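The sequence shown runs 3 to 291 under the working numbering. We treat Cβ as the ideally placed atom computed from N, Cα and C, and that holds for glycine. In this text, all values refer to a predicted model and were calculated from it rather than measured experimentally. A quick write-up on the structure given underneath.
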Amino acid sequence: MFRTFAYAAGLFGLLLSAPAQAASEYLTPFPAHHVVGNIYFVGSKGQANYLITTPQGNILVNSGLEANVPMIKESIQKLGFKYSDTKILVISHAHFDHDAGAAQVVKDTGAKYDVMDSDVGVVESGGKTDFNYGAKGGENLYPPVKVDRVLHDGDTVSLGGTVLTAHKTPGHTKGCTTWTLKVNDGGKTLNVVIVGSPNVNPGYVLVDNKLYPGIAQDYEKTFQVLKSLPVDVFLGAHGAYYGMEDKYAKLKPGSPNPFIDPAGYKAYVANREEAFRKELAKQQAAAKQ
Ligand SMILES: [Zn+2]
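Next up, the structure:
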């Protein structure tokens, strides 16, 4: 879970994680829209859910909260697709704002649920085994779901000619997943990334974390991976990562697709890496005192 308010033009990356505030935006409807190729946004103002359509059914990326599921269903229908054609469900990472609705989606559609190895236990315990939020209870817990396929770093999820690659980008959760795929758009092949989350949430312990030894090294790995990916189209687990609202406002027939933003992607990853390094240095200094 993660929130960004860009409340002044050009201000980039004031980070908040106020669940009450966030929750209202998680459930604020946002127009369903075509992103690029066979990818559609079916999320809310604060939640990024994507429908990837294929001739053999569709892939849903992130279920959102339980209360997001009816909103996702409505967005899919508005775009002219069928919710019941959802064949595979994948997630950005095992936090309630991306996976609490998974049980409902699986029950409604019979979709197969494919999850990165190190997030499987969290998903199947309904959030209870999450290193940071499991013991906090409340909204962090949700109906457990049995995972159909355990993914490992580099595995692919394929349907109807579309291939998603699961890159393990751990730290934010142990099995946090950044998805990449290629799409055809206007005769061009474009590299798409859906960032899992490079964010260090408030309260995350990076030094001597007994419940997640190696968390800092995992973030290091994640930044190496994110910096190595070829990216044309920049998407993420929340619209705020990639400036979804501003880009949506720029969508116009005949104009360049605003979601094609390799420079924005590079700037975002650099900004998040800097934030991680600052927090790590602060915690290392505090640990020495
Ligand atoms: Zn999260």
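**Request:** Would you check if there are 3 or more beta carbon pairs closer than 8 Å linking the region 254-262 to the region 173-184?
**Result:** no
**Prompt:** Just to confirm, does D99 get its C-beta within under 8 Å of one of the non-hydrogen atoms of ligand 1?
**Reply:** Here the question's residue 99 lines up with position 97 in the sequence shown. Yes - ligand 1 has a heavy atom lying nearer than 8 Å to the Cβ of D99.
**For A283, three-class secondary structure by DSSP** = Position 281 of the sequence shown, counting from 1, holds the residue named residue 283. In this structure, A283 counts as helix in the three-state DSSP scheme.
**Message:** Can you tell me whether A96 is buried or exposed? The criterion is at least 16 other CB atoms within 10 Å of its CB, across all chains shown.
**Reply:** For the purposes of this step, residue 96 is taken as the residue at position 94 of the sequence shown. Buried is the call here.
**Prompt:** Would the C-beta of S199 count as close to ligand 1, meaning under 8 Å from any of its heavy atoms?
**Reply:** Counting from one through the sequence shown, the residue named residue 199 turns up at place 197. S199: yes, Cβ under 8 Å from ligand 1.
**Message:** For the pair the region 271-290 and the region 59-66, tell me if three or more CB-CB distances fall below 8 Å.
**Reply:** no
**Asked** Whose CA, out of V149, A105, L166, lies closest to the CA of G156?
**Response** What you label residue 156 is simply residue 154 of the sequence shown in a count that begins at 1. For the residues V149, A105, L166, the minimum Cα distance to G156 belongs to L166.
**Message:** Given 8 Å as the limit, tell me if A104 has its C-beta closer than that to any heavy atom belonging to ligand 1.
**Reply:** As a position in the sequence shown, residue 104 is number 102, starting the count at 1. For ligand 1, not one heavy atom lies less than 8 Å from the Cβ of A104.
**Item:** Close Cβ partners of E281 (< 6 Å) along its chain, the five nearest in sequence each way excluded
**Value:** Counting from one through the sequence shown, the residue named residue 281 turns up at place 279. Contacts found: V202.
**Asked** For T30, is the classification buried or exposed, using 16 other Cβ atoms within 10 angstroms of its Cβ as the cut-off for buried?
**Response** Here residue 30 is taken as the residue at index 28 of the sequence shown, counted from 1. Exposed.
**Request:** May I ask which residues mark the beginning and end of the beta strand (DSSP E) holding D187?
**Result:** For this step, residue 187 is matched to residue 185 along the sequence shown. 179-187 is the extent of the beta strand (DSSP E) around D187.
**Item:** Ranges of the beta strand (DSSP E) found wholly within the region 11-96, counting only runs of at least 3
**Value:** 35-38, 41-43, 52-56, 59-63, 88-92
**Request:** With H100 as the anchor, note down where its alpha helix (DSSP H) starts and where it stops.
**Result:** To locate residue 100, count along the sequence shown from 1; it is residue 98. It spans 98-101 - the alpha helix (DSSP H) in which H100 sits, taken as one unbroken run.
**Message:** Per the DSSP calculation, G238 is bridged to which residue(s)?
**Reply:** Residue numbering aside, residue 238 sits at position 236 when the sequence shown is read from its first letter. According to DSSP, G238 bridges with V197.
**Prompt:** Quick one, which of P146, R151, L213 has its alpha-carbon nearest K176's?
**Reply:** Against the sequence shown, residue 176 aligns to sequence position 174. Looking at the Cα atoms, L213 is the closest of the given residues.
**Request:** State the CB to CB distance for the pair V235 and F261, rounded to an integer number of angstroms; the pair is presumed to be in contact (CB under 8 Å).
**Result:** Here residue 235 refers to the residue found at position 233 when the sequence shown is read from its first residue. Here residue 261 refers to the residue found at position 259 when the sequence shown is read from its first residue. About 5 Å; that satisfies the 8 Å criterion.
**Prompt:** When the Cα of S26 is compared with those of H36, D132, G48, which residue comes out closest?
**Reply:** Here residue 26 is taken as the residue at index 24 of the sequence shown, counted from 1. Closest by alpha carbon: G48.
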